[in-house]
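993 is the number that our numbering gives to position 61 of the sequence shown; each next residue is one higher, with no gaps. Before any comments, here is the structure.
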Amino acid sequence: MNFKRLFLITTSLLTYGTFSVMPISAEMAASNNLDKYNTYFSMVQDDAQDIEESEVGMLGDINYDSSIDYTDIVLMKKIILSIEEQNLNADVNQDGNINILDLNMLRSMVLKQSNSEIIDTKTICLDAGHYGLYNRSPGVKDYYESNMTWKLHLYLKQELENYGFNVITTRENQETDKNLIERGQTSAGCDLFISIHSNAVGSYMNESTDFPLAIVLLPDDTTNIDEISTEVGSLLATAVEEVMGTKQSGRTWTRLSASDRNGDGILNDEWYAVMFGAKSVGTPAILMEHSFHTNTRSANWLLDDDNLQNLAKAEAKVIAEYFGLA
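This is the structure:
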């Protein structure tokens, strides 16, 4: 494969600033690189049209599934963020390094092969809270939080894909457990992480407590992912309130860990492990509580699959509107 011309043009376009070709930390990538993907990509797009599908070969097939698509782009971002091990197929331009230039060329390949008009496909990572049969309602015995969240995250995945999002999930099946921080870190390279839950006041029923709660990232002056988290979280909380018809209004909330989870000597880490994991790889994160399964009305409402499908439609619309896809 000969990408020499494209590489030279790309290199000349970037002479106004240098870009590290060595592996970088997740924190540095989150703050310095993710917001540059689209800018750099636009510079090489025109020349990338010269790439023929027959020339692609295995380079660019990051996950070795014999196709080059948006899943490879997500994995390439993880490699650049040093979340995943590097592999030879990731050195798309064959310059001996794996960095932003390879990501740009890979995105060009995907664009050309898919004949897509969408240059910047957004990727959402969905996490179904809990596994197996977990968190049974103390008053509505048919309700398990794990069942509801698994169904809802699949409905939401389909609705988001209908808008053109690329959607990945943190687990392949409901029966499999997975480390909480690892689930959050699955979102490396994604534009948004949402962990789906229903809330509880304890091991008893409370009919007076009935509201959606979007747990969002703590304020952080070093990045803008907390602003995205808060903005989308607030919109989702309102949408869930309207669809579920809860007694109280939807709201957002943050929770600070009492320990220094990342060992940097500062007590500023997320309490929820999935949120901590997502933030550690630079992803805007929301833990969405769909009211309380300790409330009889809400638990029964969430048992209805038609209601869950309506929730998915409303939430997908909010997300699509926020990212300009609706």
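All C-beta atoms in this analysis are idealised placements derived from N, C-alpha and C, irrespective of residue type, glycine included.
Range covered by the alpha helix (DSSP H) that runs through residue i
i       : result
Ala1210 : Ala1205 to Ser1212
Asn1131 : Where Asn1131 is concerned, there is no enclosing alpha helix (DSSP H), although the beta strand (DSSP E) it sits in stretches over Leu1124 to Asn1131.
Ile1251 : Asp1237 to Tyr1254
His1085 : Glu1077 to Asn1094
Gln1117 : Leu1112 to Gln1117
Asp1158 : Ile1157 to Met1176
Arg1229 : Thr1228 to Leu1234
Contacting residues, own chain, Cβ-Cβ under 7 Å from residue i (five flanking each side not counted)
i       : result
Asp1109 : Tyr1063
Asp1074 : Leu1235
Ile1050 : Here Ile1050 scores only 45 on pLDDT, less than 50, and its place in the model should not be relied on; the value that follows carries that caveat. Excluding positions up to five away in sequence, the list reads Gly1096.
Ser1181 : Phe1143 and Glu1173
Lys936  : Unreliable positioning characterises Lys936 in this predicted model, as indicated by a pLDDT of 34, which lies under 50. A coordinate reading is not provided.
Leu1038 : Gly992, Asp1004, Ile1005, Met1008 and Val1024
Ile1015 : Ala958, Gln1117, Ala1120 and Val1213
Ser1223 : Ser1130, Asn1131, Asp1142, Phe1143, Pro1144, Met1176, Thr1178 and Ser1230
Gln1018 : Ile1011 and Ile1030
Thr1102 : Cys1057, Asp1059, Lys1110, Arg1115 and Thr1118
Arg1193 : Asp1201 and Phe1208
Same chain only: Cβ atoms within 8 Å of residue i, ignoring 5 sequence neighbours per side
i       : result
Pro1244 : The amino acid at residue 1244 is misidentified as Pro; the sequence shows Ala. Closer than 8 Å at the Cβ level, and outside the excluded window around Ala1244, lie Leu1084, Tyr1087, Leu1088, Gln1090 and Glu1091.
Ser999  : Asp993
Glu1221 : His1129, Ser1130, Asn1131, Pro1144, Leu1145, Ala1146 and Ile1147
Trp1185 : Leu1145, Ala1146, Ile1147 and Val1148
Glu1139 : Asn1227, Thr1228 and Arg1229
Identified DSSP bridge partners for residue i
i       : result
Val1099 : Ile1056
Thr1184 : Ala1146
Glu1139 : Paired residue(s): none; Glu1139 is not in a bridge.
Arg1068 : Tyr1076
Glu1202 : Leu1188
Beta-carbon spacing of residue i, residue j below 8 Å
i       : j       : result
Gly1214 : Ile1251 : no
Ala1169 : Arg1187 : no
Asp1123 : Lys1010 : no
Val1099 : Leu1035 : no
Met1207 : Gly1116 : yes
Met1137 : Thr1228 : yes
Asn1094 : Val1175 : no
Ala1217 : Lys1211 : yes
Leu1149 : Ser1166 : no
Gly1195 : Glu1114 : no
Met1041 : Asn1021 : no
Tyr1254 : Val1164 : yes
Glu1247 : Ala1190 : no
Bounding residues of the beta strand (DSSP E) (the contiguous stretch that carries residue i)
i       : result
Ile1015 : No beta strand (DSSP E) contains Ile1015, which DSSP labels as neither H nor E.
Ser1223 : Ala1217 to Phe1224
Contacts around residue i, its chain only, beta-carbon distance under 6 Å, and the 5 residues preceding and following it disregarded
i       : result
Ala1231 : Ser1069, Val1072, Tyr1075 and His1225
Gly1061 : Thr1081, Ser1127, Ile1128 and His1129
Asp1152 : Asp1158
Leu1257 : Tyr1095 and Gly1096
Asn1067 : Glu1077
Inset, instruction - Ignoring anything shorter than 4 residues or poking outside the stretch 1023-1048, list the alpha helix (DSSP H) runs there in chain order. - result: 1032-1046
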